[in-house]
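*Asks:*
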Amino acid sequence: MLKNIVIFGEPATGKSTIAKKLSFKLPNYKIVESSEGLIVPIARHFKKLPSNYNTLLYSLEKIVDKNLATQAPINRKKARKIFSSLVKQYFPSFIAETLEKIYSKKYPTAPLIFTGVRGYENAKYFKKRGYFVVFLKANKEDLLERLSKKRDYSKKEILNELKEEDRLYLTKKIEKEADLVFNTSTISAAEIADKIISLVQKKIQECKKCINTNQNPFIKFNKEGYCDVCEIYLKNFDKKALAKELALFKSFIGSGKGKYDIMVGLSGGKDSSATLYQVREMGFTPLAFTFDLGYFHPYIYRRAKKVAEMCGVDYEIIPVRKYITKKMLRRFRKMADLYKRDKKEEFVMDYATGRREYQGVVRPCWVCRELIIHARYFEALKHGVRAVAIGINEWTSLKQSTSQKKLVVSAIRKLKPFPDKPAVYIVHFPFLIQAKLKDTKKILKKIGWNYYHNVQSNAASCLLACAAEEPLCKNLGFHPDTTRLAREVTVGFLTKKEAKRALQRIRKCKYSVPQILKKAELI
């Protein structure tokens, strides 16, 4: 699988020249000049823009199909006016989204190169969609010389045009989004083309079993084509060990010191809802609960309460602020600072630290998990129960067996932080019973659950995850939920297709990570 390419740049930096060189060396690619492929057709065929975007898109697709797109060019002033009208009439990333929709449909099997694209929002869109983003610039003296020769402009006219381009398109900000930046004053077009080709022709490798790819530089592959996560899982998964854990889990039925013998974490989503129903059907007397962290979507509590009522189970919203330690607050502050700076190299470095030492803060889930585990333990003791079931479809840990000869894939995590207090067992229930998505859907049908139809990312329920999703995708180069959903594919809960569908949408949040943390009084 080859990556699509998009070329941005300042005026007169050689975008068209480099695109032509790429076209000779990459015959499988289809090259589309954004002005010829979109702006000119709009200028020539529409005296007035339709009020409805889909109406415009349908008409443009027909124009492109009939090869009516390539016509006489329009001047830059008119192009800027059309750009402004499109952004105002529809949305900021209009150019990028429309180019992709039209030309991925026209050339469904070919990788694409879009060149001459303008606009910071378009660069952000292409980056999120996994395109290889190239930005071209040049020294000021060279730009002045090239533009004066090309357009017979005076120095003042050129400077005014460059200023206007940057004002409208935020050209300088695009450089921060780019995967590669070239100064065409110091490197030739041929060299630039060769460097681009050497990188994009590195095929994206996807695990044979799950959806992990080499876009995540921390994922490794063996000779058979399995990622390191799948390799460890497939080598160590043992049904007998899981059967013993299921027996341990059932031993907690009727073991409570009070009204309940188990607590079940409930968001009202598909997994936690199915877990609650099945635990109750096993013979447990559960208390369903949702932790109030200060950054869940408000509808989560309403939905969870409704599901608990549907299952005939008691429900509590439990504030967890009392369990926050000074160390946790430091991690939240560190997270806020990281997102304020929004620097790619810092995101990547912190992600690497998080994977190695469990101390990273770039993924909100890593920071939140420490608080959640703490709260689960003490709330279980408070309610007199020994087990907490949660709707997680993957293993809880890989732990050393007593024989010390192999790792054991476990569905239950034992928490015993104090020698004088009892242990609490955290149970990943769907994984324990080896549930599949089709099984979960059958359970949901029984209880009349009907909130959404497709698998969703964590951002669907958590405002903090929602705010982090876009900057994480931009700075890491892959969706932050890829690794979690990959594990659900590894264990067989999801298919690759179902997991990939969940990652197609990158959610936007009107608040930033620091704003949400401040609102939750965590910084």
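Going by numbering that gives the first Met the number 0, the first residue of the sequence shown is number 0, and it counts up by one from there.
Cβ atoms here follow ideal geometry from the backbone N, Cα and C, with glycine treated the same way.
For the pair the region 261-274 and the region 323-337, tell me if three or more CB-CB distances fall below 8 Å.
*Replies:* With a cut-off of 8 Å, the region 323-337 and the region 261-274 do not count as touching, because too few Cβ pairs lie within range.
*Asks:* How should G282 be labelled, buried or exposed, when 16 other C-beta atoms within 10 angstroms of its C-beta is the threshold for buried?
*Replies:* Answer is exposed; the Cβ neighbour count stays below 16.
*Asks:* Which term fits K20, buried or exposed, when burial requires 16 or more other beta carbons within 10 angstroms of its beta carbon?
*Replies:* It is buried - the Cβ of K20 has at least 16 other Cβ atoms within 10 Å.
*Asks:* Less than 7 Å separating the beta-carbons of E176 and V116?
*Replies:* Their beta carbons are not under 7 Å apart, which means E176 does not touch V116 by this criterion.
*Asks:* Under 7 Å Cβ to Cβ from P550, same chain only, skipping five residues before and after it: list those, please.
*Replies:* This structure cannot settle anything about residue 550, because the visible part of the chain is limited to 0 through 522.
*Asks:* Is L247 helix, strand or coil when you go by DSSP?
*Replies:* Helix, per DSSP.
*Asks:* Can you have a look at E520 and say buried or exposed, based on whether 16 or more other CB atoms are within 10 angstroms of its CB?
*Replies:* E520 should be labelled exposed.
*Asks:* Would you tell me roughly how many angstroms separate the C-alpha atoms of L67 and A109, rounded to the nearest one?
*Replies:* In this prediction, L67 has a pLDDT of 48, which is less than 50 and means its spatial position is unreliable; what the coordinates show is noted afterwards. About 21 Å.
*Asks:* Whose C-beta lies closer than 8 Å to the C-beta of K149 among residues of the same chain, with five residues either side of it excluded?
*Replies:* So the qualifying residues of the chain are A11.
*Asks:* What's the gap between the Cα of V408 and the Cα of K441?
*Replies:* Roughly 26 Å between the two C-alpha positions.
*Asks:* Roughly how many whole angstroms lie between the Cα atoms of Y350 and R340?
*Replies:* Computed Cα separation, rounded: 15 Å.
*Asks:* Check whether the Cβ atoms of Y259 and V384 lie closer than 7 Å to each other.
*Replies:* Yes, these two residues count as a Cβ contact at 7 Å.
*Asks:* Determine the closest residue to G118 out of L158, Y130, N74 and Y168, with distance taken between C-alpha atoms.
*Replies:* Of the listed residues, the one whose Cα sits closest to G118 is Y168.
*Asks:* If contacts are defined as beta-carbon pairs under 8 Å, then L37 and T97 qualify, I think. What distance do you get, rounded to the angstrom?
*Replies:* Confirmed, Cβ separation roughly 6 Å.
*Asks:* Tell me which residues share the same chain as L486 and place their Cβ nearer than 6 Å to its Cβ, disregarding the 5 neighbours each side in the sequence.
*Replies:* Reading the sequence as shown, one finds Arg at residue 486 and not Leu. The residues are E393.
*Asks:* Drop a sphere of 10 angstroms on the beta-carbon of E308, count the other beta-carbons inside from all chains shown, and report buried for 16 or more, exposed for fewer.
*Replies:* By the neighbour-count rule (16 or more Cβ atoms within 10 Å), E308 is not buried but exposed.
*Asks:* Can you tell me where the alpha helix (DSSP H) holding N159 begins and where it ends?
*Replies:* Residues K154 to Y168.
*Asks:* If we count the other Cβ atoms within 10 Å of its Cβ and call it buried at 16 or more, is I362 buried or exposed?
*Replies:* In the sequence as displayed, the identity of residue 362 is Arg instead of Ile. Answer is buried; the Cβ neighbour count reaches 16.
*Asks:* Excluding sequence positions up to five away, which residues of its chain have a Cβ less than 8 Å from the Cβ of A311?
*Replies:* Inspection of the sequence shows that residue 311 is occupied by Gly rather than by Ala. Closer than 8 Å at the Cβ level, and outside the excluded window around G311, lie R279.
*Asks:* Can you give the beta carbon distance from I530 to K2, rounded, assuming they're within the 8 Å contact cut?
*Replies:* Because the chain in this structure spans residues 0 to 522, residue 530 falls outside the shown range and cannot be described.
*Asks:* Can you list, in chain order, the residues of its chain whose CB lies under 8 Å from that of Y424, leaving out five sequence neighbours each side?
*Replies:* Cβ within range, chain order: L247, F248, F251, R385, A386, V387, I411, R412, K413 and L414.
*Asks:* Count the other CB atoms, across all protein chains shown, that sit within 10 Å of the CB of A467; report buried if there are 16 or more and exposed otherwise.
*Replies:* Classification for A467: buried.
*Asks:* Is it a yes or a no for the region 494-513 touching the region 205-221, going by three-plus beta-carbon pairs under 8 Å?
*Replies:* Segments in contact, yes.
*Asks:* Measuring CB to CB, does G173 end up less than 7 Å from I112?
*Replies:* For the record, residue 173 in the displayed sequence is Ile; it is not Gly. Result no, Cβ atoms of I173 and I112 do not sit closer than 7 Å.
*Asks:* Taking C-alpha atoms, which residue in S83, E315 and N138 lies nearest to T185?
*Replies:* Among S83, E315 and N138, the Cα nearest to that of T185 is on N138.
*Asks:* Which residues in the same chain as N215 place their Cβ atom closer than 6 Å to its Cβ, once the five residues preceding and following it in sequence are excluded?
*Replies:* Closer than 6 Å at Cβ, skipping near neighbours: F477.
*Asks:* Going by beta carbon distance, what residues of the same chain come within less than 7 Å of F125, once the five residues before and after it are set aside?
*Replies:* For F125, where only same-chain residues beyond five positions count, the Cβ hits under 7 Å are V5, A95 and V132.
*Asks:* Run through the DSSP bridge pairs and tell me what H427 is partnered with.
*Replies:* Answer is I389.
*Asks:* Using the three-state DSSP reduction, which class does L414 fall into: helix, strand or coil?
*Replies:* Three-state DSSP puts L414 in a strand.
*Asks:* Helix, strand or coil, according to DSSP, for K258 in the structure here?
*Replies:* Note: K258 maps to coil in three-state DSSP.
*Asks:* So what does DSSP say about F45, is it helix, strand or coil?
*Replies:* Coil, per DSSP.
*Asks:* So for A68, helix, strand or coil by DSSP?
*Replies:* Model confidence at A68 stands at a pLDDT of 47, short of 50, so the residue's coordinates are unreliable and nothing is read from them.
*Asks:* Mind checking which residues open and close the alpha helix (DSSP H) that includes P421?
*Replies:* Element bounds for P421: n/a, residue is neither H nor E.
*Asks:* Are the CB atoms of K171 and D178 within a distance shorter than 7 Å?
*Replies:* Going by C-beta atoms, D178 is not nearer than 7 Å to K171.
*Asks:* Secondary structure at G353, three-state DSSP: helix, strand or coil?
*Replies:* Three-state result, G353: helix.
*Asks:* Applying the 10 Å Cβ sphere with the 16-neighbour rule, what's the burial state of N474?
*Replies:* Classification for N474: buried.
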